[in-house]
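Enquirer: Residue numbers (this note's numbering), protein chains in the order written: chain F, 2 to 409; chain U, 2 to 409. Think of the CB as a built atom: it goes at the ideal place given N, C-alpha and C, for glycine as much as any other residue. Since this is a predicted model, take the numbers as computed values, not measurements. Please see the structure below; I have some questions.
2 protein chains.
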Amino acid sequence: MALKINEERLLSRLGAVSRIGKYKTGIHRPTYSPADMEARRWLVEQLGSFGHEAFIDGIGNVVGLGPSAPRRLLAGSHIESQNHAGRLDGVLGVLYGLELAQTLAETYGAGGPAVDVMAFADEEGHFHDYLGVRSALDDMTDAERAAVVNIDTGEPLQAALEKAGLAGLPRYRIDPSRYAGYIEAHIEQGDYLDSGGLRLGYVLGIVGVWQYNIVFSGQQNHAGTTRMVTRKDAAMALMKFGAELDRVMGEAAGPRSVWTPGRIVTMPGAPNVIPERAEMLFQFRDLETSRLEAMERALLELAGRHDALGPCSIVVENMSKAPPVPMAPAIVDSFERAGERLAPGAGMRMPSAAGHDAQYVARVMPAGMLFVPSIGGISHHWSEDTRDEDIVLGFRVYAEAADAILAG
Amino acid sequence: MALKINEERLLSRLGAVSRIGKYKTGIHRPTYSPADMEARRWLVEQLGSFGHEAFIDGIGNVVGLGPSAPRRLLAGSHIESQNHAGRLDGVLGVLYGLELAQTLAETYGAGGPAVDVMAFADEEGHFHDYLGVRSALDDMTDAERAAVVNIDTGEPLQAALEKAGLAGLPRYRIDPSRYAGYIEAHIEQGDYLDSGGLRLGYVLGIVGVWQYNIVFSGQQNHAGTTRMVTRKDAAMALMKFGAELDRVMGEAAGPRSVWTPGRIVTMPGAPNVIPERAEMLFQFRDLETSRLEAMERALLELAGRHDALGPCSIVVENMSKAPPVPMAPAIVDSFERAGERLAPGAGMRMPSAAGHDAQYVARVMPAGMLFVPSIGGISHHWSEDTRDEDIVLGFRVYAEAADAILAG
């Protein structure tokens, strides 16, 4: 049966939700802020308008449950934004889910396949990355949640939930047995699609992120009287290491690997004092574990070499190793088949270099993601945007793929 | 006439003053602290014990004026310490001056040559580098002084002076016409003497210090989704520049030049964000202006090259250019002649790589400095020390040189 897709309604809803917490051409909707809560209530209302049972749970997740159905998908993403950021990051996936749920309801009526919709709270981590999806998967303890505070203001999570009227509400738990799978659409955030003239990204998986703190220890001394040959200058050691690190990472990297020295600090940090300590926060990302392992080997080998060479000692502390999360091949295939049918040659298989709620949901059910282009690859900035025709094409591909998955 | 040198008294006084604010084997006497004021009062008492007119002035300078004399030297240094620092840094020069004044009084009696002694307040800059000597030379305005606060606590200078009982006292002004010159002894703070097995440093001058803030501007972006080829990573640019900077400085440097990247900061400094800005506080020192100029050329040439290469822009902001301050050749010669007579081959001509009160006094009269070794080159740490035999030899050379200068 041909899906009764309503492009105007999709774009009109996108326009409506973009006015909530509007900032320039983007939005400013930090988690649990009045604007964020207004957007959540708006979503509940939209989901209810075609018969979904919709509510906000005790962590702020918006849940929209369809009627009983022979086969069912879960669709979602997040509706809060980074500070002064784009109107589509997260929101697009939620609106695709909302629109898909209504499209299926209008196409098949009662007793047909259905889609439940969720907007997971705080994927963006104003309080804690993936707070909502981890609550819905029971992946976080009460004690862990009790320690969470706003990263900018220090406000405890509990206080923010009370202010938002969410304290004491039950937290919704996903029942994986209910679903054939989870789908999430998102803007790419990078520029592989946009710079390649492509319109659809079939996400193979979400890259692993390995993080390190690299510590250089030297000796604090007088910046005037200490001879160059006797110095142990930790800042100088860090810079020499960093310049080579870029080279060895380039050699170990795959075509899509990325690596970033996010922060450098030196101690004591005075003009007349040779730094005795310097630290670099360093991370790299790739979809392949073997590649991440090769990059780690290159990092450790270089650190060992510089440490042995002196004059400063180098310690590489691993801080985290978030593993790559592959998407379910059957869902990747469904997106690609729908894309090739509707826009032949306009899509590519690609990793997601950013994290998404899907990486958590993938633990309990088959999950897949579809990307639409970000103009210029802009992300986490109010000027982030995507062309309407790409938004509409993306939805058609998303809906056709979902329809095919639900047809089994 | 042979000088009536009293080595035991010198060492005994050093022992006495080291007990004021004692910290481990060093001292903790921040400027205007109770311990610092006690040391200043102790010095006034010692100066008065052989007839000098001694007092503490309105900025904390201790002034000891000898009787009328046909020829007169000014001798000094500072008596406060860095936090938890050595017992000799500054104190040695003050005690040499004190001992010299008494030695001359005891050797020549009334009507002979004399030495005035000063302990300049806050050379170490707990409030402001060279606060005392600049006051004595009228080199600082009331408005400048009114803005001075403690660099650790933020306490205004005026409040500290009140607490120390100094507020309202007149500030003493040096009359240069009174003196044949200024002499200052100091521990070396570096390890040229100690590592070379030498015991005396004849200071040629105090190095110039040129300081820069080097700013790297890139583009803030997502550390996952931004391709390596499109990145403008300011931290990476800084590290590549810094590694090369060390090399080009080495090429432009003279045998005693030093260069230090005292502080590095990156912004915004988050693990998942490519830094858009990185800054390096950088300084270099040398005794020769032509050498400083060559080092600056090398810095600017490298910055220009990296800036042109991209992807980040580089701006080099000069923050200060303290010029080298040569010591008076006649005083250098006097120290060297006395040293060669008392300990042939045990000394060397050398620059001072650290700043001293002498660099200010040199503006108004011939000035010279004598160094004794620091064991292991340790400085600004309580474990700083010098052997008693080097302290005694240093004083003998200092006194003989002063005697020769006063003999005209």
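Can you pull the chain F neighbours of residue 38 of chain U, defined as C-beta to C-beta under 9 Å?
Expert: The sequence position of residue 38 of chain U within the second sequence is 37, counting from 1. Those within 9 Å of residue 38 of chain U in chain F number zero; the least Cβ separation is about 26 Å.
Enquirer: Per DSSP, what kind of secondary structure is residue 386 of chain F in: helix, strand or coil?
Expert: Start at 1 with the first residue of the first sequence, and residue 386 of chain F comes out as number 385. Looking at residue 386 of chain F - three-state DSSP - the assignment turns out to be coil, as it is neither helix nor strand.
Enquirer: What are the start and end residues of each continuous beta strand (DSSP E) run of 3 or more residues lying completely inside the region 204 to 237 of chain U, in chain order?
Expert: Segments of the beta strand (DSSP E) lying fully in the region 204 to 237 of chain U: 209 to 218.
Enquirer: For residue 132 of chain F, which residues in the same chain have their Cβ closer than 6 Å to its Cβ, ignoring the five residues on either side in sequence?
Expert: One-based indexing of the first sequence puts residue 132 of chain F at position 131. The residues are 122 and 123.
Enquirer: Residues in its own chain within less than 8 Å of residue 73 of chain F by CB, not counting five upstream and five downstream?
Expert: Taking the first sequence and counting its residues from 1, one reaches residue 73 of chain F at position 72. The answer, listed in chain order, is 67, 114, 115, 116, 117, 179, 180, 181 and 407.
Enquirer: For chain F, is any of its Cβ atoms less than 7 Å away from the one on residue 259 of chain U?
Expert: Counting from one through the second sequence, the residue named residue 259 of chain U turns up at place 258. Closer than 7 Å to some Cβ of chain F, the Cβ of residue 259 of chain U qualifies, so yes.
Enquirer: Taking Cβ-Cβ distances below 9 Å as the criterion, which residues of the region 374 to 390 of chain F are in contact with chain U?
Expert: For the region 374 to 390 of chain F, which is checked against every Cβ of chain U, the residues closer than 9 Å are 375, 378, 379, 380, 381 and 382.
Enquirer: Out of curiosity, what's the CA-to-CA distance linking residue 59 of chain U and residue 239 of chain F?
Expert: Counting from 1 along the second sequence, the entry for residue 59 of chain U is found at position 58. Counting from 1 along the first sequence, the entry for residue 239 of chain F is found at position 238. Each residue's Cα considered, the two are about 46 Å apart.
Enquirer: Taking buried to mean at least 16 other C-beta atoms within 10 Å of its own C-beta, is residue 162 of chain F buried or exposed?
Expert: Here residue 162 of chain F refers to the residue found at position 161 of the first sequence. It is buried - the Cβ of residue 162 of chain F has at least 16 other Cβ atoms within 10 Å.
Enquirer: Are there three or more Cβ pairs, one per stretch, closer than 8 Å when the region 222 to 239 of chain F is compared with the region 308 to 328 of chain F?
Expert: Flag = yes, the region 222 to 239 of chain F and the region 308 to 328 of chain F touch.
Enquirer: At least one CB of chain U closer than 7 Å to the CB of residue 135 of chain F: is that the case?
Expert: Position 134 of the first sequence, counted from the start, is the residue given in the question as residue 135 of chain F. No, its Cβ sits nowhere closer than 7 Å to a Cβ of chain U.
Enquirer: Tell me the residue span of the beta strand (DSSP E) that contains residue 267 of chain U.
Expert: Here residue 267 of chain U refers to the residue found at position 266 of the second sequence. That run of the beta strand (DSSP E) goes 259 to 268.
Enquirer: Can you tell me whether residue 185 of chain U is helix, strand or coil according to DSSP?
Expert: Taking the first residue of the second sequence as position 1, residue 185 of chain U is located at position 184. Residue 185 of chain U: strand per DSSP, three-state reduction.
Enquirer: Starting from residue 35 of chain F, follow the alpha helix (DSSP H) in both directions and report where the run begins and ends.
Expert: Numbered from its first residue, the first sequence carries residue 35 of chain F at position 34. Element bounds for residue 35 of chain F: 35 to 49.
Enquirer: Pull up the CB-CB distance for residue 63 of chain U and residue 41 of chain U, whole angstroms please, since I reckon it's below 8 Å.
Expert: Position 62 of the second sequence, counted from the start, is the residue given in the question as residue 63 of chain U. Position 40 of the second sequence, counted from the start, is the residue given in the question as residue 41 of chain U. So it is a contact: roughly 5 Å between Cβ atoms.
Enquirer: What are the residues of the region 74 to 102 of chain F that lie near chain U, defined by any Cβ-Cβ distance shorter than 7 Å?
Expert: Correct list: empty, as no residue qualifies.
Enquirer: Taking buried to mean at least 16 other C-beta atoms within 10 Å of its own C-beta, is residue 373 of chain U buried or exposed?
Expert: Walking along the second sequence from the start, residue 373 of chain U turns up at place 372. Counting Cβ neighbours within 10 Å, residue 373 of chain U comes out buried, since at least 16 surround it.
Enquirer: If we require 4 or more residues per run, which alpha helix (DSSP H) segments fall completely within the region 48 to 112 of chain F?
Expert: Listed in chain order, the complete alpha helix (DSSP H) runs (minimum 4 residues) inside the region 48 to 112 of chain F are 92 to 109.
Enquirer: Between residue 167 of chain F and chain U, is there a C-beta pair that is closer than 7 Å?
Expert: For the purposes of this step, residue 167 of chain F is identified with residue 166 of the first sequence, where counting begins at 1. Cβ-Cβ to chain U under 7 Å: no for residue 167 of chain F.
Enquirer: Give a yes or no on whether the C-beta atoms belonging to residue 278 of chain F and residue 218 of chain F are separated by under 7 Å.
Expert: As a working note, residue 278 of chain F is residue 277 in the first sequence. As a working note, residue 218 of chain F is residue 217 in the first sequence. Against a cut-off of 7 Å, the Cβ pair of residue 218 of chain F and residue 278 of chain F comes out as a contact.
Enquirer: Below 7 Å between beta carbons: does that hold for residue 369 of chain F and residue 326 of chain F?
Expert: If you number the first sequence from 1, residue 369 of chain F lands on position 368. If you number the first sequence from 1, residue 326 of chain F lands on position 325. Taking 7 Å as the Cβ cut-off, residue 369 of chain F and residue 326 of chain F do not qualify as a contacting pair.
Enquirer: Mind checking whether residue 361 of chain F and residue 134 of chain F have CB atoms under 7 Å apart?
Expert: Position 360 of the first sequence, counting from 1, holds the residue named residue 361 of chain F. Position 133 of the first sequence, counting from 1, holds the residue named residue 134 of chain F. Taking 7 Å as the Cβ cut-off, residue 361 of chain F and residue 134 of chain F qualify as a contacting pair.
Enquirer: Do you know offhand how far residue 411 of chain F's Cα is from residue 365 of chain F's?
Expert: With chain F represented from 2 up to 409, any question about residue 411 of chain F goes unanswered, as that position is not in the structure.
Enquirer: Within 8 Å, do at least three Cβ pairs link the region 206 to 216 of chain F to the region 338 to 356 of chain F?
Expert: The region 338 to 356 of chain F is in contact with the region 206 to 216 of chain F.
Enquirer: Could you tell me whether any Cβ in chain U is nearer than 7 Å to the Cβ of residue 267 of chain F?
Expert: On the first sequence, residue 267 of chain F is found 266 positions in, with the first residue counted as 1. Judged by the 7 Å Cβ criterion, residue 267 of chain F is in contact with chain U.
Enquirer: Cα separation between residue 402 of chain U and residue 305 of chain U?
Expert: Within the second sequence, the letter at position 401 stands for residue 402 of chain U. Within the second sequence, the letter at position 304 stands for residue 305 of chain U. In a straight line, the C-alpha of residue 402 of chain U is about 49 Å away from that of residue 305 of chain U.
Enquirer: If you follow the alpha helix (DSSP H) that residue 343 of chain U is in, where does it begin and where does it stop?
Expert: By 1-based counting over the second sequence, the position of residue 343 of chain U is 342. Unbroken alpha helix (DSSP H) run through residue 343 of chain U: 330 to 343.
Enquirer: I believe residue 125 of chain U touches residue 85 of chain U by the beta-carbon criterion, under 8 Å. Please report the beta-carbon distance rounded to the nearest angstrom.
Expert: Against the second sequence, residue 125 of chain U aligns to sequence position 124. Against the second sequence, residue 85 of chain U aligns to sequence position 84. Not confirmed; about 12 Å, so no contact.
Enquirer: Are the C-beta of residue 243 of chain U and some C-beta of chain F separated by less than 7 Å?
Expert: Residue mapping note: residue 243 of chain U aligns to position 242 of the second sequence, counting from 1. Yes, residue 243 of chain U lies at the interface with chain F (some Cβ there is under 7 Å from its Cβ).
Enquirer: Can you find a CB in chain F that lies within less than 7 Å of the CB of residue 220 of chain U?
Expert: Residue 220 of chain U sits at position 219 when you count from the first residue of the second sequence. Not one chain F Cβ lies under 7 Å of residue 220 of chain U.
Enquirer: Does the count of Cβ pairs from the region 270 to 288 of chain U and the region 181 to 190 of chain U closer than 8 Å reach three?
Expert: Not touching, per the Cβ criterion.
Enquirer: Does DSSP put residue 174 of chain U in a helix, in a strand, or in coil?
Expert: What you label residue 174 of chain U is simply residue 173 of the second sequence in a count that begins at 1. Coil, per DSSP.
Enquirer: Taking the C-alpha atoms as reference points, what is the distance between residue 101 of chain F and residue 170 of chain F?
Expert: The residue given as residue 101 of chain F occupies position 100 in the first sequence. The residue given as residue 170 of chain F occupies position 169 in the first sequence. In a straight line, the C-alpha of residue 101 of chain F is about 28 Å away from that of residue 170 of chain F.
Enquirer: Establish whether the CB of residue 209 of chain U and some CB of chain B are separated by less than 7 Å.
Expert: The displayed structure is made up of protein chains F and U, and chain B is not among them.
Enquirer: Verify the CB distance criterion: does residue 223 of chain F have a CB-CB separation below 7 Å to chain U?
Expert: Here residue 223 of chain F corresponds to residue number 222 of the first sequence, with the count starting at 1. Judged by the 7 Å Cβ criterion, residue 223 of chain F is in contact with chain U.
Enquirer: When you compare the region 35 to 55 of chain U with the region 139 to 158 of chain U, are there three or more beta-carbon pairs, one atom per stretch, that lie closer than 8 Å?
Expert: No, they do not touch.
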